[in-house]
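By the UniProt record's numbering, the letter at position 89 of the sequence shown is numbered 89, and the numbering carries on one by one without gaps. Where a beta carbon is used, it is the ideal one built from N, C-alpha and C, also for glycine. Only a predicted model underlies this, so the values are computations on that prediction, with no experimental measurement involved. Heads up, the thing below is written out as structure tokens.
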Amino acid sequence: MVQDPITSEPPPSPEVICSALDDPDCREIIRKLEEPMTASELNARCEIPQSTLYRKLELLTDSTLLEESTEIRRDGHHASKYSVAFDEITLVLEDDRSLSVQIERPARTADERLAELWSEVRKET
Numbered sequence: 001m002v003q004d005p006i007t008s009e010p011p012p013s014p015e016v017i018c019s020a021l022d023d024p025d026c027r028e029i030i031r032k033l034e035e036p037m038t039a040s041e042l043n044a045r046c047e048i049p050q051s052t053l054y055r056k057l058e059l060l061t062d063s064t065l066l067e068e069s070t071e072i073r074r075d076g077h078h079a080s081k082y083s084v085a086f087d088e089i090t091l092v093l094e095d096d097r098s099l100s101v102q103i104e105r106p107a108r109t110a111d112e113r114l115a116e117l118w119s120e121v122r123k124e125t
């Protein structure tokens with residue numbers, strides 16, 4: 001498994017990825033995320049109850065299929081925005097007959113990298 005260059009963590013297991021992708025609500029969220037959106041914006045576009053939406057966003061973020069970033073607002077009420085964090089997912093049957101997962105990530109701009117670092121700092125404070 002290849003580690004994420006920012007978090008230095010290995011990618012989630014194939015079971016976690018497959019579980020998230022097997023969920024119809026998770027797939028709907030991924031389909032609707034053509035651009036970064038807040039949970040409120042997603043709630044308006046998806047036919048998913050708000051409490052369920054937040055659980056699915058957490059599942060997708062934990063499985064690294066979505067990325068959460070912070071939208072800085074002048075009024076001080078910052079908002080989390082979600083975006084799809086993969087271009088391609090490949091399941092590989094290893095020589096020992098176990099499964100591994102390879103996740104192809106989109107190219108990141110300097111602004112996106114800075115926003116991710118800011119999100120990580122906010123999580124730790």
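Measure the CB-CB distance between residue i and residue j and report whether it falls below 9 Å.
i, j, result
"W118", "S80", "no"
"I30", "L66", "yes"
"V101", "L91", "yes"
"L33", "S83", "yes"
In terms of residues, what are the limits of the beta strand (DSSP E) holding residue i?
i, result
"S83", "A79 to V84"
"E104", "L99 to E104"
"E28", "Looking at the DSSP string, E28 is not in any beta strand (DSSP E); the run it does join, the alpha helix (DSSP H), is P24 to K32."
"I89", "E88 to L93"
"E68", "L66 to E71"
Between which two residues does the alpha helix (DSSP H) holding residue i run?
i, result
"S119", "A110 to E124"
"S51", "Q50 to D62"
Assuming the contact rule is C-beta atoms closer than 8 Å, residue i and residue j should be a hit. Round their C-beta distance to whole Å, please.
i, j, result
"T61", "P12", "Actually they are not in contact, since the Cβ atoms of T61 and P12 sit about 11 Å apart, beyond 8 Å."
List the residues that DSSP assigns as beta-bridge partners of residue i.
i, result
"E47", "None; E47 has no bridge partner."
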